Amino acid sequence: MIDEALARYRAHRQNINRYRSLLQTGLTELEREFIERRIAEEEAAISVLAFDASPPDPPFHTHTDLR
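Just so we're aligned, residue 10 is where the sequence shown starts under my numbering, counting upward by one.
Structure follows, in structure tokens:
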């Protein structure tokens, strides 16, 4: 499970790096907008991976019986 998540993270990072290098080339405005949108999507995917990998919050307990 961890190996799969790490592989996905690496793939997203590689995609972002590739897209950023494309931004350094001569692109039309339409192509630039497309690449910027893809970068945002890849970054969102990384955020989802990070959220899924984080441990759950501990259960919230109330102390109603305080005798």
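Virtual Cβ for every residue (Gly too), placed ideally from N, Cα, C. All figures in this text were calculated on a predicted structure; none of them were measured in a lab.
- One thing to note: Y18 has its Cβ no nearer than 7 Å to the Cβ of I48.
- Judged by DSSP in its simplified three-state form, L32 adopts helix.
- Here E51 is buried: its Cβ has 16 or more other Cβ atoms, across all protein chains shown, within 10 Å.
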